[in-house]
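A.B. asks: Encoded as structure tokens, here's the structure I'll be asking about.
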Amino acid sequence: MSVQKPELNREEVIVKTSIIGIITNVLLAAFKAGVGLLSNSIAILLDAINNLSDALSSVITIIGAKLAGKLPDKKHPLGHGRIEYLSSMLVSALVLYAGITALIESVKKIIHPEVAHYSLLTLIILAVAIIVKLLLGKYVKTKGKQVNSGALIASGSDASFDAILSASVLACALLHLWWHVSLEAYMGVAISLVIIKAGIEMLQETLHDILGQRPAPELVKQVKEIIQAQPLVHGVYDLLINDYGPNKHYASVHIELPDTMTVDEVDRLTRQIEENVYHKTGVILTGVGVYSYNTKDEKAALIRNDVQKIILMHDWALQLHGFYVSIAEKQMRFDVVLSFDIAREQALDTLTKEVQTAYPDYTVQITPDVDLTD
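Counting from 7, one number per residue, gives the positions in the sequence shown under the working numbering.
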């Protein structure tokens, strides 16, 4: 396999962007904490705490990126990329903790209310903080998309949303100044619930990454099109893409080739496919399996069409592939992609009986496949 193509230094971008986020959030937290203490505003204080949690999240993002960038070793031959998912989980837990703590403090303020005092300086600092957060959110999110960093994209979205929360706090301050109505503690509850919701969603997304999600349809389509572009490839099936961290994908696939090809021809073709897929998508094909399809007998094609009609009569039978029949030996074999709506044993039993009834003289071998990709 050729050396990996040159690309943007992902780790460097993540670290640089996170440092900018840390500095910005620490400064905002300091200003807001000072304003919150002077004005006795629980909403502003909670907004400051939220900025501190964002800064801590950026620190964890840096640590995760550094650890994930370590080279493969004997114990971890596929690298350390999944550490980023663990660091994201830790960030989610911190966000969740900050939200719950903020909720408790806000409820206390509702039970034992205190009057807030705002000044022109308070309003100016809040307005500036809103603008800074909007700009920071756009910058971080753009960089996250540029290097495919889920942590940065989430941080950017969170920063943009924080700007909306800060705007709500500013609205409360103006409301208090104009009509002497205090909604501080209630706004604190609202902010807390938003933070908790964000923490839960981040945690869910990270768990999906760790458990293994269905790969992006765009990536699946691209890989299949690259393989299908080879003139001798009759079909592309059973594509399995494993995620070992952002931008680190290992895959296996089955291709359907004419039954007249030699081993040498198959070897050269599969190596070419591996090279093309890697250089165009970054996906490493660790294995290319081969199905043969009949090219010497027209009757085989008629049998295939007939069997395919039998199989696809069922909604839970999504696809038939890898079909090969030996008329002389009275044997046929093929794979069927099954949906998650039926038990594998039940499906195999039903399909085998139906095909066997139509072709009682044949030995039928059906291999079940899982609906792994779109």
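For glycine and all other residues, C-beta sits at the position ideal for the given N, C-alpha and C.
Count the other CB atoms within 10 Å of the CB of Pro-252; is the residue buried (16 or more) or exposed (fewer)?
C.D. replies: Residue mapping note: residue 252 aligns to position 246 of the sequence shown, counting from 1. Flag for Pro-252 reads buried.
A.B. asks: Looking at Ser-64: is its Cβ nearer than 9 Å to the Cβ of Ser-161?
C.D. replies: Residue 64 sits at position 58 when you count from the first residue of the sequence shown. Residue 161 sits at position 155 when you count from the first residue of the sequence shown. Yes, Cβ-Cβ distance for Ser-64 and Ser-161 is below 9 Å.
A.B. asks: Would you check if the distance between the CB atom of Thr-128 and the CB atom of Leu-33 is smaller than 9 Å?
C.D. replies: Numbered from 1 along the sequence shown, position 122 holds the residue referred to as residue 128. Numbered from 1 along the sequence shown, position 27 holds the residue referred to as residue 33. No, Cβ-Cβ distance for Thr-128 and Leu-33 is not below 9 Å.
A.B. asks: Which whole runs of the alpha helix (DSSP H) in the region 111 to 136 are 4 residues long or more, in chain order?
C.D. replies: Whole alpha helix (DSSP H) segments, 4+ residues: zero.
A.B. asks: For Met-95, does the count of other Cβ atoms within 10 angstroms reach 16, so buried, or fall short, so exposed?
C.D. replies: Here residue 95 refers to the residue found at position 89 of the sequence shown. Classification for Met-95: buried.
A.B. asks: Strictly by DSSP, which residues pair up with Ala-2?
C.D. replies: Lying outside 7 to 380, the shown extent of the chain, residue 2 is not represented and no answer is given.
A.B. asks: DSSP state of Val-361, grouped into three classes?
C.D. replies: One-based indexing of the sequence shown puts residue 361 at position 355. DSSP places Val-361 in helix when its eight states are reduced to three.
A.B. asks: When the Cα atoms are used, what is the spatial distance from Leu-52 to Gly-194?
C.D. replies: Locating residue 52 in the sequence shown gives position 46, where the first residue counts as 1. Locating residue 194 in the sequence shown gives position 188, where the first residue counts as 1. Spanning the two alpha carbons is a distance of roughly 7 Å.
A.B. asks: When you compare only the Cα positions, how much space is there between Asp-347 and Leu-217?
C.D. replies: For the purposes of this step, residue 347 is identified with residue 341 of the sequence shown, where counting begins at 1. For the purposes of this step, residue 217 is identified with residue 211 of the sequence shown, where counting begins at 1. Distance between the alpha carbons of Asp-347 and Leu-217 is about 20 Å.
A.B. asks: Between the alpha carbons of Ile-305 and Asp-312, how many angstroms are there, rounded?
C.D. replies: Residue mapping note: residue 305 aligns to position 299 of the sequence shown, counting from 1. Residue mapping note: residue 312 aligns to position 306 of the sequence shown, counting from 1. In the sequence under discussion, the amino acid at residue 305 is Lys, which differs from the Ile named in the question. Roughly 11 Å separates the two Cα atoms.
A.B. asks: May I have the straight-line CA-CA distance separating Asp-235 from Val-134, to the nearest angstrom?
C.D. replies: For the purposes of this step, residue 235 is taken as residue 229 along the sequence shown, with counting starting at 1. For the purposes of this step, residue 134 is taken as residue 128 along the sequence shown, with counting starting at 1. What sits at residue 235 in the sequence shown is Ala, not Asp. C-alpha separation (whole angstroms): 54 Å.
A.B. asks: Among Ile-136, Ile-89, Asn-282, Tyr-192, which has the Cα closest to the Cα of Lys-114?
C.D. replies: In the sequence shown, the residue the question calls residue 114 occupies position 108. For the residues Ile-136, Ile-89, Asn-282, Tyr-192, the minimum Cα distance to Lys-114 belongs to Tyr-192.
A.B. asks: Quick check: the Cα distance between Glu-13 and Ile-29, rounded to an integer number of angstroms?
C.D. replies: What you label residue 13 is simply residue 7 of the sequence shown in a count that begins at 1. What you label residue 29 is simply residue 23 of the sequence shown in a count that begins at 1. Low confidence applies here, because Glu-13 scores a pLDDT of 43, under 50, leaving its location unreliable; read the following figure in that light. Spanning the two alpha carbons is a distance of roughly 27 Å.
A.B. asks: Can you tell me whether DSSP reads Val-187 as helix, strand or coil?
C.D. replies: Reading the sequence shown from its first residue, position 181 is the one you call residue 187. Residue state, collapsed to three classes: coil.
A.B. asks: Grouping DSSP H, G and I as helix and E and B as strand, with all else coil, what is Glu-281?
C.D. replies: As a first step, residue 281 must be located in the sequence shown, where it is residue number 275. Looking at Glu-281 - three-state DSSP - the assignment turns out to be helix.
A.B. asks: Excluding sequence positions up to five away, which residues of its chain have a Cβ less than 6 Å from the Cβ of Ala-39?
C.D. replies: As a first step, residue 39 is located in the sequence shown; it is residue number 33 there, counting from the start. Here the set comprises Ala-54.
A.B. asks: Between which two residues does the alpha helix (DSSP H) holding Gly-42 run?
C.D. replies: Your numbering for residue 42 matches position 36 in the sequence shown. Counting along the chain, the alpha helix (DSSP H) containing Gly-42 begins and ends at 16 to 45.
A.B. asks: Taking DSSP as the reference, what is the three-state secondary structure of Val-101?
C.D. replies: Counting from 1 along the sequence shown, the entry for residue 101 is found at position 95. Residue state, collapsed to three classes: helix.
A.B. asks: Determine, using beta carbons only, whether Ile-66 comes closer than 9 Å to chain D.
C.D. replies: Of the protein chains in this structure there is only one, and it is not chain D.
A.B. asks: Could you pull out every residue in the same chain whose Cβ sits closer than 7 Å to the Cβ of Pro-366, ignoring the five residues on either side in sequence?
C.D. replies: Locating residue 366 in the sequence shown gives position 360, counting from the first residue. Result list for Pro-366: empty, nothing under 7 Å.
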